[in-house]
Amino acid sequence: MPAIDTAKILILATDGYERSELMVPRDKLSTHGADVKIASLKSGRIKSWDESDWGDSVDVDLEVKDVDIKDYDALVIPGGQINPDLLRNNEGAVSLVREFVASGKPVAAVCHGPWLLVEADALRGRKATSYPSIKTDLLNAGATWQDKEVVCDQAIITSRTPNDLDAFVSKIVEEVSEGKHSRRAA
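Counting with my numbering, you get residues 11 to 196 for the letters of the sequence shown.
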């Protein structure tokens with residue numbers, strides 16, 4: 011079981027990520043001592059969506075094609091409408107999510123981020139939450155949708171909105187400290 015202060019956490023994002031949903035987990039997990047990296051579909055910088063318009067950008071540490079999940083203890087997927095929609099249309103990103111789910115390592119998705127869990131067929135028979143507008147997508151993917159700030163089922167962590175980020179990050183810290191989870195197939 012890795013302690014959070016020695017954990018390596020990967021954030022999967024691309025242009026259009028909801029600013030707070032990347033920055034808050036990145037900063038809070040780093041404050042706990044975790045080594046947090048950002049993987050994207052391209053190298054360079056990716057631009058945020060900040061509530062109602064484009065926001066600032068962050069540096070990408072590595073491209074999705076270069077990620078080896080053995081190097082990481084958990085995966086975090088920020089939402090926003092644009093980010094997960096672009097990622098779920100990229101087979102490399104979806105494969106990365108599938109690999110993390112199959113590994114038993116914690117996988118956390120907030121807001122519209124669970125779209126990637128839907129695409130990876132990771133929610134069938136599991137409890138989850140999301141931004142309310144994609145509730146039907148989760149239900150159609152076989153999830154039991156719950157209207158709670160954070161839902162965790164076998165270290166698959168989901169939250170609804172930026173208002174839930176404190177509970178979301180706390181649950182990530184808890185699940186990382188517990189280590190790998192044996193998971194039944196979705």
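Ideal placement from N, C-alpha and C gives every residue a C-beta, glycine not left out. Just so we're clear, the structure is a prediction, and the values are computed from it rather than from any experiment.
Self-check item: Buried or exposed by the 16-neighbour rule on C-beta atoms within 10 Å, applied to residue 174
Solution: Of the other Cβ atoms in all chains shown, 16 or more fall within 10 Å of the Cβ of residue 174; this residue is therefore buried.
Quiz item: In the segment 106–167, which residue ranges form an unbroken alpha helix (DSSP H) of at least 4 residues, counting only runs that do not cross its ends?
Solution: Within the segment 106–167, the complete alpha helix (DSSP H) runs of at least 4 residues are 124–129 and 145–150.
Practice problem: Let me know the secondary structure DSSP gives residue 103 once reduced to three states. | Solution: Shown here, residue 103 sits in a helix according to DSSP, grouped into three states.
Quiz item: With DSSP run on the structure shown, which of helix, strand or coil describes residue 52?
Solution: The three-state reading of DSSP puts residue 52 in coil, since its state is none of H, G, I, E or B.
Self-check item: Residue of 144, 147, 156 and 123 minimising C-alpha distance to residue 138
Solution: Closest by alpha carbon: 156.
Quiz item: Between residue 136 and residue 151, what straight-line distance do the alpha-carbon atoms span, to the nearest angstrom?
Solution: Straight through space, the alpha carbons of residue 151 and residue 136 are spaced by roughly 10 Å.
Quiz item: Is the number of C-beta pairs between the segment 127–135 and the segment 60–68 that are closer than 8 Å three or more?
Solution: Verdict: no, contact absent.
Practice problem: State the DSSP-derived secondary structure class of residue 77, mapped to helix, strand or coil. | Solution: Note: residue 77 maps to coil in three-state DSSP.
Quiz item: Secondary structure at residue 181, three-state DSSP: helix, strand or coil?
Solution: Helix.
Exercise. With DSSP as the reference, please indicate the residues paired to residue 27 in a beta bridge.
Key: According to DSSP, residue 27 bridges with 58.
Practice problem: Pull up the distance between the alpha-carbon of residue 103 and that of residue 76, whole angstroms please. | Solution: Straight-line Cα distance between these residues: approximately 11 Å.
Exercise. Going by DSSP, name the residue or residues bridged to residue 68.
Key: 56, per the DSSP bridge assignment.
Quiz item: Start and end of the alpha helix (DSSP H) containing residue 92?
Solution: Looking at the DSSP string, the run of the alpha helix (DSSP H) that includes residue 92 is 92–97.
Self-check item: Where the beta strand (DSSP E) through residue 21 begins and ends
Solution: For residue 21, the enclosing beta strand (DSSP E) stretches over residues 18–22.
Quiz item: What separation, rounded to the nearest whole angstrom, lies between the Cα atoms of residue 96 and residue 54?
Solution: C-alpha separation (whole angstroms): 17 Å.
Quiz item: Around the Cβ of residue 134, are there at least 16 other Cβ atoms within 10 angstroms (buried) or fewer (exposed)?
Solution: By the C-beta density criterion, residue 134 is exposed, having fewer than 16 other C-beta atoms within 10 angstroms.
Self-check item: Where residue 190 falls: helix, strand or coil (DSSP)
Solution: Coil, per DSSP.
Quiz item: For residue 69, which option in 31, 122 and 23 has the closest C-alpha, if you only look at C-alpha atoms?
Solution: Sorting 31, 122 and 23 by C-alpha distance to the C-alpha of residue 69 places 23 at the top.
Quiz item: Apart from the five residues on each side of it in sequence, which residues of its chain come closer than 7 Å, Cβ to Cβ, to residue 13?
Solution: The answer, listed in chain order, is 187.
Self-check item: Distance between residue 176 and residue 43 (C-alpha atoms, nearest Å)
Solution: When rounded, the distance between both Cα atoms is 16 Å.
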